Every structure is written in structure tokens, then in C-alpha cells.
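Asker: The sequence shown begins at 6 in this note's numbering and counts up one residue at a time.
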Amino acid sequence: MVNNERGILEIRKHSTIKNINRLRQILNILIRHGFGELVSQLHVFRLYIIGKRFFTPKAEDVRSHRSTPERLRLALEELGPTFVKLGQLMSTRADWFPDEWSAEFKKLQDKVPPFPFEQVRELVEKELGKPLTEVYSSFDTLPVASASIAQVHLATLKDGRELAVKVRRPEIENILDSDISIMYVIANLIVKYVPDWARFRPVEVVREFHKTIRQELDFTIEATRADRFRRNFKDDPEAYFPRVYWEHSSKKVLTMERISGIPIDEAETLKDAGFDLKEVAERGVRVFFRQALGDGFFHADMHPGNVFVGNKGEIIHVDFGIVGQIDDELRNYLARLLYYLMRRDFKAMAKIHRDMGLIGPKVDIREFEDALIDIAEPIFGKPLAEINVSALLWKLIETAKRFDMHMQPNLLLLQKSMVVVEGVGRELYPKLNVWAVARPFIFKLMKKSIDPKAAVTKGYDTMIEMAEFTAALPSQLTSVFNKVINDRLRIEFAHLNLDDLNARIDRTGDRLVYGMIVAALIVGSSLIVMAGKGPMLFDLPVLGLTGYIMAGILGLRLVIKR
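1) Which residue comes first and which comes last in the beta strand (DSSP E) that contains Phe280?
2) Once you ignore the five residues that flank Val547 on each side, which residues in its own chain have a CB closer than 8 Å to its CB?
3) Going by DSSP in three states, Ala4 sits in which element: helix, strand or coil?
4) Taking the Cβ atom as the reference point for each residue, do Ser422 and Ala305 lie within a distance shorter than 8 Å?
5) If you draw a straight line from the alpha carbon of His308 to that of Lys216, how long is it in whole angstroms?
6) Within the chosen definition, does the segment 373-382 reach the segment 344-363 through at least 3 CB pairs nearer than 8 Å?
7) Using only the alpha-carbon positions, how far apart do Ile558 and Met451 sit?
8) Cβ of Ser153 versus every heavy atom of the ligand COA: is any distance shorter than 7 Å?
9) Within a Cβ cutoff of 6 Å, which residues of the same chain sit near Pro247, ignoring the five residues on either side of it in sequence?
10) Within a Cβ cutoff of 8 Å, which residues of the same chain sit near Met555, ignoring the five residues on either side of it in sequence?
11) Do Ala228 and Val211 count as a contact pair if the criterion is CB distance below 8 Å?
12) So the candidates are Thr146, Ala278, Glu287; which of them puts its Cα closest to the Cα of Val439?
13) To the nearest angstrom, how far is it from the Cα of Asp270 to the Cα of Leu282?
14) Quick one: measure Cβ to Cβ for Val172 and Val125, integer angstroms, because I've assumed they're closer than 8 Å.
15) So Pro5 and Phe313 are supposed to be a Cβ contact under 8 Å. How far apart are they, rounded?
16) When the distance is taken between beta carbons, is Leu113 closer than 8 Å to Glu75?
17) Which of the three DSSP states is assigned to Val170 in this structure?
18) Using the Cα positions of Glu374 and Ser395, report the straight-line distance between them to the nearest angstrom.
19) Anyone know if the C-beta pair for Gly85 and Val290 falls short of 8 Å?
20) Cutting at 7 Å between CB atoms, please list the residues of its own chain near Met354, excluding the five before and the five after it.
21) Classify Leu259 as helix, strand or coil using the three-state DSSP reduction.
22) From the DSSP output, in three-state form, read off Gly329 for me.
23) Measuring alpha carbon to alpha carbon, tell me which residue in Ser143, Pro207, Gly552, Ser151 is nearest Leu91.
24) Express the C-alpha separation of Gly362 and Glu334 in angstroms, rounding to a whole number.
25) Going along the chain, which residues of its own chain have a beta-carbon closer than 8 Å to the beta-carbon of Asn393, five neighbours each way excluded?
26) Please state the DSSP three-state secondary structure of Ser254.
27) Within its chain, find whatever has a CB closer than 7 Å to the CB of Arg166; leave out the 5 residues flanking it on each side and keep chain order.
28) Val258 to Asp324, Cα distance in whole Å?
29) Keeping to the same chain, check which residues put their C-beta closer than 7 Å to that of Pro175; ignore five residues upstream and five downstream.
30) Using a Cβ-Cβ cutoff of less than 6 Å, which residues in the same chain neighbour Gln655 once the five nearest sequence positions on both sides are dropped?
31) Can you look up Pro414 in the DSSP assignment and give me helix, strand or coil?
32) Along the chain, where does the alpha helix (DSSP H) that runs through Tyr434 open and close?
33) For a test of the three-state rule: what should DSSP assign to Leu47, helix, strand or coil?
34) DSSP three-state label for Ser265, please.
35) Mapping the DSSP letters down to three states, classify Ala244 as helix, strand or coil.
36) Nearest-angstrom Cα distance between Pro136 and His253?
Here it is in C-alpha cells:
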């Protein structure tokens, strides 16, 4: 009884009577799909649950006919759009769930009936502050697409520009808030009472879902992403990203340029239109690698319904609700990983995992190297054109689980996107050589990571930080001295046999002065090298080289005098 009261109290902290009814509905659906034992362990509505399980004998039959992941996927579908979106997120977290679970979650489809046009009109007019007829010359009453968060209508501006208008579902925010509050309750109860399921980190799953879905609800975030893609590819004829009409957009309405093209997976249609399928496949992969390895900002919802081929063969993207971002460090990791893989340098591959902190210091580096060899050896028995990059990343993720390796969510998003990109590419052209397309991006990143100019730039940034610290130091010392004077603080030292210490301090002071001179020479020489002025030797300014040589001599003197 105590446990039952605790469960009810946790629900009341997050919920209203309406939410409690929704929770009861959720539990009923879980029982119907064979999760009665799990539900009974949550200590909520104990007598009701016992009775419900007793009068739902078919649930036990379901367990014997279907696997646990399949039953959970069917339950999520019946629970509605919020839980379908949750399942789709879980499908991207291969580090949290076993393979068969992730594969089952990938089957979830985010399709719901459209809401009435009158509600569309009311919402758009309220957001734009004008009647539809003042903004648009036409606005289709039936949507061309309808999902859990929004639906899309075609429209035309007064000046003839054709648009696609994405309109958020009325009350969807309240519905999501209600369902997510219940998700938190169930997740916390699972952590408390069901250790077998707690290993899936339910609270962390719900927290990430909450963060993701809040961003999807704000269409200004999606519009900003679309603009960023458009800027990144403004000079690239191989890709096209539709324009955002900010003056007709808001948090609940997103108005974008209407695009026309052939879905990238329709091979016969593309062939009939005169496109070379090999060229289209390579271009699609190249555009993706440019996003991921070139810009570090990639489209992470790459299913064929979001990617089209334009009249000139350009790859057109739509729907920017889910994107991935890869910082310089992770991009360099990927480039070095693939580079060393091509060279079969498994020791270097293992080392970069340790250097980046992806594996802990207690991991046996030799054992990890052997695991990488196990991943790669079967690959090297195939022609390069047949090697599947997304499968390689997947095997790496599987290995990560064995070594309790920390995997960044964006790396998992990248792998999921690569599966789609590579799959569609090989459907268009089965002999597609993804490695050949990726190689220029890999070598460009490798070159950038060892570029002396990049090191000089990093040194310049460090110098700026040192200068800022030095500028702030006098005021900080003044503050300390004022505090000492005002508080009448007296510090007395009794020097007892400290001659050796004084001598060491003197030597340390000398070394510090030498060190500062060496640092100044290096920084000054680096600035001269960046400027590229004066007489040159080996494509470097003579004055800068002289500074480096002097710094080397003084540095050597420091080492010798230790």
C-alpha cells in the first residue's frame, strides 16, 4: 500500500486528473501487448492492474507469439504520435538498445490524419496577423503531407512565388507536455522498481526526447537550420536548399520556397528523365560528405521523401527538423579513423580512441586493437567499391558497447544517415564506390589537422588568451593587496634552513625568464610567418625562421641546464 501511495504521489506532482486517466490508458495498452508484469512492478493502481491482468488473458498469448521489441513497437504505435516520435528517437540510439530493438523501432511511421482547414486558417491568420487572402493568392485546403507535429499546404504569394507552408497542429504542445510528464513518471518508476528495464536508462531517454521535441515545435529553429544549409551550399551547384520566407514565418508557421523534383529513390523515373544514375548516386553521397565532414552540419533525416533530384541534377533537401552537428575534434577523429583504416594501421586507430577519451585508461589498448582488427579484416577481403561505410560505423558502435566506450549522439545520427544515403546510392548504382567519393574529404581533413598554419592560428589564439590574462592580472593583484591592507592581515615567515629552497627558487626564476623569452620568440615568429612578409626561404619569411632557430637554441639551453 505504501508503494502504491508513493506512485500516486509522483503522478500528482506532474499531472492533472486528465493525465491520470491518460496514464491508466497507457498502462492498459501495455498490458494488452504483454507487458503486464512490467506494469505491476511500477506500484501504481495495484488493485486495478491486478484485475486488468486477470481479465486480459490474451496478453499472455501475445508474449508467446511476438518478441519483446516487436510488442513494444506495436504498443508505441497504439499509444499515439508522441510515443511514435519517442520510438523514432530510440531507433537512433544504438548505444542504448540492442540491435533487434533498434531495428524494430525503425519501422515506426509518423503518419496521422490531417486536422481541418478551418483550424489551419485560424492559426495562420493569428500568427501572421493578416487574413489569408491578403498574403496569398491561393492556399490549398488539403495538405500534401500530414504528421504528428504539423502538416504542409501548398500556397502562392500575390507576386506568383510558389510556397510550401508548414502549419503546427493546434494543442500539440499541450498534448506533448501531458504525455512527456507521464513518460517522466513511468521512467522514474522503472528506475526505482524494475532493474531489468532500468539498464535502458529510461530517464535519460525521456530527457533527450523532451529536448529534441521542444526544438521541433519551434519552427524558427528549423528555419535557421535551413538558412544555414543554404549559406553553406550557396556556391555549390550540386545541391540546393529552399529559401525561407521569414516575413511569413513564426514559431508555429514555416513558409518556404516550393521545390519541384524527382524523389531520389525513383530510379526508373530518373532514368526516363535522362539522368545518369551513377552520377546521381555519387553526387548524393558527395553532398552528404560535404555536409558531415566538410561543414560539420548535416541533414539527419535523409529518407527519400526528404531528398529530391532537381531539373539540373542538383540534390534538393527539405524538412530540417532533425540535424546533426560534428565539431572539429569529432570530424578529425572520423577522418583519422578512416585514414588509418585504409592503411590498416590498427595501433594508430586504437591510440586515437584513447587520446580522445573515448576509451578509459583502464582499457587494455592491445585488446582494443585486436577488436578493431576483428572489425576490419573481413572488410579487406572485399573490393573497395563493395565496402559499406555505414556498416563499418555500426560495427564500431557495437565494439564501443563491449568496451563501455562513450559514443556521441551525433556520431550515432551520422551512422543512421549514412545507412540511408549509402542504401539509396547503391539502389541507384549497385557498383557505387563510397570510399572513392569520401577519400577527398578524408584527406582534406587530415591535411588540415597537420597544417602548420592551423597550428600557428591556434598559437595566436593562445597568445590572445595569455594577453587577456596578463592585462587582467594587475587589477586582480591590486584587489588582493587592498583586501590584505583593509583587513590588516599580517603574515610572518620564520626562515629555518631554507637556503637550498631559496637557491632552487632563484634557478626556477631564471628558467621562467628564459621560458618567457622562448615563448615570446615563438609567438612573434608565428605572427611574422602568418603575415608572410619580407625575404622568403622555403616559402617562409627569413625573419620568422630566424626567430624559430633562436627559440630552439634557448630552449635547448634550458633543457641542458636542468
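By construction, the Cβ of each residue, glycine as well, lies at the ideal position given by its N, Cα and C atoms. Model, not experiment: these values are computed from the prediction.
Answerer: Taking the definition as stated:
1) Taking the sequence shown and counting its residues from 1, the one referred to as residue 280 is at position 275. Phe280 -> no beta strand (DSSP E), and no H or E assigned at all.
2) Within the sequence shown, residue 547 is the residue found at index 542, counting from 1. Here the set comprises Gly539, Pro540, Met541.
3) Only positions 6 to 567 of the chain appear in this structure, which leaves residue 4 out of reach.
4) The residue you call residue 422 lines up with position 417 of the sequence shown. The residue you call residue 305 lines up with position 300 of the sequence shown. For Ser422 and Ala305, yes; Cβs fall inside 8 Å.
5) On the sequence shown, position 303 is the one that residue 308 refers to. On the sequence shown, position 211 is the one that residue 216 refers to. About 22 Å.
6) yes
7) For the purposes of this step, residue 558 is identified with residue 553 of the sequence shown, where counting begins at 1. For the purposes of this step, residue 451 is identified with residue 446 of the sequence shown, where counting begins at 1. Computed Cα separation, rounded: 31 Å.
8) Among the components of this structure there are no ligands whatsoever, and the ligand COA is therefore not found.
9) Against the sequence shown, residue 247 aligns to sequence position 242. Met261, Glu262, Ile264.
10) Numbered from its first residue, the sequence shown carries residue 555 at position 550. Cβ within range, chain order: Leu526.
11) Within the sequence shown, the letter at position 206 stands for residue 211. Within the sequence shown, the letter at position 223 stands for residue 228. Not in contact: Val211 and Ala228 (Cβ atoms no closer than 8 Å).
12) In the sequence shown, counting from the first residue as 1, residue 439 sits at position 434. Taking only the C-alpha atoms, the option nearest Val439 is Glu287.
13) Here residue 270 refers to the residue found at position 265 of the sequence shown. Here residue 282 refers to the residue found at position 277 of the sequence shown. Each residue's Cα considered, the two are about 10 Å apart.
14) Here the question's residue 172 lines up with position 167 in the sequence shown. Here the question's residue 125 lines up with position 120 in the sequence shown. About 5 Å separates the two Cβ atoms, so the contact holds.
15) The shown model of the chain, from 6 to 567, leaves out residue 5, and the question about it has no answer.
16) For the purposes of this step, residue 75 is taken as the residue at position 70 of the sequence shown. For the purposes of this step, residue 113 is taken as the residue at position 108 of the sequence shown. Taking 8 Å as the Cβ cut-off, Glu75 and Leu113 do not qualify as a contacting pair.
17) In the sequence shown, the residue the question calls residue 170 occupies position 165. Reduced to three states, the DSSP call for Val170 is strand.
18) The residue you call residue 374 lines up with position 369 of the sequence shown. The residue you call residue 395 lines up with position 390 of the sequence shown. Straight-line Cα distance between these residues: approximately 20 Å.
19) To locate residue 85, count along the sequence shown from 1; it is residue 80. To locate residue 290, count along the sequence shown from 1; it is residue 285. Not a contact, by the Cβ cut-off of 8 Å.
20) Along the sequence shown, one-based indexing puts residue 354 at 349. Once the five neighbours on either side are set aside, the close Cβ partners of Met354 are Leu342, Tyr345, Leu346, Leu377.
21) Translated into positions along the sequence shown, residue 259 becomes position 254. In the structure shown, Leu259 sits in a strand (DSSP, three-state: E or B).
22) Residue mapping note: residue 329 aligns to position 324 of the sequence shown, counting from 1. Strand, per DSSP.
23) Along the sequence shown, read from residue 1 onward, the residue named residue 91 stands at position 86. The option with the nearest alpha carbon to Leu91 is Pro207.
24) Indexing the sequence shown from 1 puts residue 334 at position 329. Indexing the sequence shown from 1 puts residue 362 at position 357. Between Glu334 and Gly362, the C-alpha separation is close to 12 Å.
25) Within the sequence shown, the letter at position 388 stands for residue 393. Taken in chain order, the residues that qualify are Glu427, Val439.
26) Position 249 of the sequence shown, counted from the start, is the residue given in the question as residue 254. Here Ser254 sits in coil by DSSP.
27) If you number the sequence shown from 1, residue 166 lands on position 161. Around Arg166: no qualifying Cβ.
28) One-based indexing of the sequence shown puts residue 258 at position 253. One-based indexing of the sequence shown puts residue 324 at position 319. Distance between the alpha carbons of Val258 and Asp324 is about 13 Å.
29) Taking the first residue of the sequence shown as 1, we reach residue 175 at position 170. Around Pro175: Phe120, Gln124, Leu128.
30) Summary: the structure shown does not reach residue 655, with the chain confined to residues 6 through 567, and so no result is reported for it.
31) Here residue 414 is taken as the residue at index 409 of the sequence shown, counted from 1. Pro414: helix per DSSP, three-state reduction.
32) Position 429 of the sequence shown, counting from 1, holds the residue named residue 434. Premise fails: Tyr434 is in no alpha helix (DSSP H) and is neither H nor E.
33) Here the question's residue 47 lines up with position 42 in the sequence shown. Coil, per DSSP.
34) Here residue 265 refers to the residue found at position 260 when the sequence shown is read from its first residue. Ser265: coil per DSSP, three-state reduction.
35) Here the question's residue 244 lines up with position 239 in the sequence shown. Strand at Ala244.
36) What you label residue 136 is simply residue 131 of the sequence shown in a count that begins at 1. What you label residue 253 is simply residue 248 of the sequence shown in a count that begins at 1. Cα to Cα, the separation comes out at about 12 Å.
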